[in-house]
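Protein chains in written order, with my numbering: chain A, 475 to 742; chain B, 33 to 337. For every residue, glycine included, the Cβ atom is placed at its ideal position computed from N, Cα and C. Read through the structure below, which is laid out as structure tokens, and then see the notes.
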């Protein structure tokens, strides 16, 4: 580790990354290429955002299993993946023992220099069904936003709504017999109040869209963020059911998340 | 067992031949290239696998097993020639196996079959489609040879065909795609990308081929060694210096400034990983690699200086 890394590393993050129950080898690498050193860098920055900038509060964290496969399924909130980053931070900083939440990244990230390298080393792989299935079969903690890029593109006045949920996550949960932990993320829309999305300009860079805030850049305000983890939802099935059957189960998860948003938004 | 190895003078094939000889097998070889001093007991006929004289070897020898290692992988051979050698050669090997009563044939392929791309997954299973043709068109003949070899499973059902997709090999012979890439003091990388590289010691690779023969394996299998490591770490441990180059400039620096000459398609392999799941092979054969990643690189480094 360079002196700069040592200086920037959060001691608690270092200790918690050491306690991650992942099969790191003598080089601090797991079989997927997740690197301890990169996790410390990334999570030290997230820890500062989590504690000092946003003052994130995580509720119901005991609903996330300590070990074994599980799928965190939640709403997108905020014009960039702030929600995912804070969920990753909460799993490392507040879960006992700490766990690494592994998100399914947008495909364009792997095309971008440095972003590709960073996402690979931190376990945030491209959102492919093969990746998701393999990670779950390896008893990892998967983080899924079924709204996809449509969800992060929500405008400020749509921030408490949910857009269409894809059904892939539910078929995957059935196929791998994985419990779904629904979560509601609140405050992202206030932190990054998107007033406009630029689609054509973003397309030139291979991105799905570029969010614009009243201060142009999607730089977040230091508002309080809350993440509520609900009780595990377990669905039975073969994953080969007709779409109508799967859609009903997807709607159940969506309704649960919508109810959590509604219940807790009032108290904020 | 009487074993014939087309392509026996390749570095990996020589290791396989020696292991089989030590294991008590009768070993014969065919190759266009000479093997001036083969170990006592290994007979080599210098002939092109596509020629009639090669068929004579099958006819007179009647091998029980054939290990086909006569594919050309180095990209310096002109595309058209390579295509002919790899495809017509592979067809000849399987046809001769069928006509002259071989019981089993092992085709030694490459894991690069799966291709490297931004949207390809880590840990390819054997059922994954070959994407190398889109990302690295220069490899299309190897992909086609692999698929052609696999088709022998239904074309010649009496023949136990085994296709092995080996990850990169590395070791003191300094041969093979990865060793050639790491040969110079400076190794080009793509700025902002650091893919995982999966490699195994050449001794382990030879053991894996020998064990596939012993266990009479049939079907298509990925073969790998220790867990993969990022390219930057591999370069560092090999005692080389990584030269990160912006992608736009990369094609201009290949073959210049002491950097290796690489075809344009190779850029994808410097950006994205090709990593295979070898669990089926290990489960079927009980294979375990002997050299971890550090020992493998150390052996290469000692030999390469």
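Can you give me the C-alpha to C-alpha distance between residue i and residue j, rounded to a whole angstrom?
| i | j | result |
| --- | --- | --- |
| residue 223(B) | residue 736(A) | 46 Å |
| residue 651(A) | residue 581(A) | 26 Å |
| residue 214(B) | residue 579(A) | 31 Å |
| residue 206(B) | residue 212(B) | 7 Å |
| residue 65(B) | residue 38(B) | 11 Å |
| residue 303(B) | residue 583(A) | 13 Å |
| residue 628(A) | residue 671(A) | 9 Å |
| residue 139(B) | residue 118(B) | 11 Å |
| residue 210(B) | residue 333(B) | 13 Å |
| residue 496(A) | residue 593(A) | 17 Å |
| residue 228(B) | residue 513(A) | 17 Å |
| residue 714(A) | residue 643(A) | 13 Å |
| residue 601(A) | residue 190(B) | 42 Å |
| residue 734(A) | residue 704(A) | 8 Å |
| residue 484(A) | residue 661(A) | 25 Å |
| residue 244(B) | residue 712(A) | 35 Å |
| residue 499(A) | residue 44(B) | 28 Å |
| residue 490(A) | residue 570(A) | 10 Å |
| residue 325(B) | residue 156(B) | 20 Å |
| residue 298(B) | residue 168(B) | 6 Å |
| residue 120(B) | residue 234(B) | 27 Å |
| residue 241(B) | residue 526(A) | 57 Å |
| residue 659(A) | residue 531(A) | 10 Å |
| residue 98(B) | residue 127(B) | 12 Å |
Using 10 angstroms around the beta-carbon of residue i, count the other beta-carbons present and answer buried if the total reaches 16, otherwise exposed.
| i | result |
| --- | --- |
| residue 257(B) | buried |
| residue 68(B) | exposed |
| residue 93(B) | buried |
| residue 480(A) | exposed |
| residue 166(B) | exposed |
| residue 329(B) | buried |
| residue 236(B) | buried |
| residue 728(A) | buried |
| residue 507(A) | buried |
Is there a Cβ of chain B sitting closer than 8 Å to that of residue i, yes or no?
| i | result |
| --- | --- |
| residue 524(A) | no |
| residue 678(A) | no |
| residue 507(A) | yes |
| residue 790(A) | There is simply no residue 790(A) to check, as chain A begins at 475 and stops at 742 in what is shown. |
| residue 591(A) | yes |
| residue 587(A) | yes |
| residue 699(A) | no |
| residue 602(A) | yes |
| residue 510(A) | no |
| residue 581(A) | yes |
| residue 672(A) | no |
Cβ of residue i less than 8 Å from any chain A Cβ?
| i | result |
| --- | --- |
| residue 302(B) | no |
| residue 260(B) | yes |
| residue 150(B) | yes |
| residue 323(B) | no |
| residue 200(B) | no |
| residue 213(B) | no |
| residue 263(B) | no |
| residue 56(B) | no |
| residue 69(B) | no |
| residue 145(B) | no |
| residue 228(B) | yes |
| residue 224(B) | yes |
| residue 154(B) | yes |
Just curious, the beta strand (DSSP E) that residue i is in, first and last residue?
| i | result |
| --- | --- |
| residue 51(B) | Residue 51(B) -> not in any beta strand (DSSP E); alpha helix (DSSP H) instead, spanning 43-54. |
| residue 197(B) | 192-198 |
| residue 618(A) | 615-618 |
| residue 575(A) | 575-579 |
| residue 219(B) | 218-222 |
| residue 545(A) | 544-548 |
How far does the alpha helix (DSSP H) with residue i in it reach, from first residue to last?
| i | result |
| --- | --- |
| residue 34(B) | Element bounds for residue 34(B): not the alpha helix (DSSP H) but the beta strand (DSSP E), 34-38. |
| residue 603(A) | 603-611 |
| residue 723(A) | 717-739 |
| residue 493(A) | 485-493 |
| residue 569(A) | That residue, residue 569(A), is in no alpha helix (DSSP H); it is neither H nor E in DSSP. |
| residue 231(B) | Taken as a continuous stretch (DSSP letters only), residue 231(B) belongs to no alpha helix (DSSP H), being part of the beta strand (DSSP E) at 231-233. |
| residue 645(A) | 642-650 |
| residue 301(B) | 299-303 |
| residue 514(A) | 510-522 |
Return no unless some Cβ of chain E is closer than 8 Å to the Cβ of residue i.
| i | result |
| --- | --- |
| residue 643(A) | Of the chains in the structure shown, none is chain E; the protein chains are A and B. |
Any alpha helix (DSSP H) of 4 or more consecutive residues that is wholly inside the stretch 661-699 of chain A: Given a length threshold of 4 residues, each whole run of the alpha helix (DSSP H) inside the stretch 661-699 of chain A is given here in chain order: 662-665, 673-678.
4 or more residues per run - each alpha helix (DSSP H) lying fully within the stretch 99-177 of chain B: List check, alpha helix (DSSP H) in window: 111-131, 164-167.
Ranges of the beta strand (DSSP E) found wholly within the stretch 55-105 of chain B, counting only runs of at least 3: Assignment of beta strand (DSSP E) within the stretch 55-105 of chain B, counting only whole runs of 3 or more residues, yields 58-63, 74-78, 97-100 in chain order.
Complete runs of the beta strand (DSSP E) confined to the stretch 240-270 of chain B [at least 3 residues]: Qualifying beta strand (DSSP E) stretches, in chain order: 251-255.
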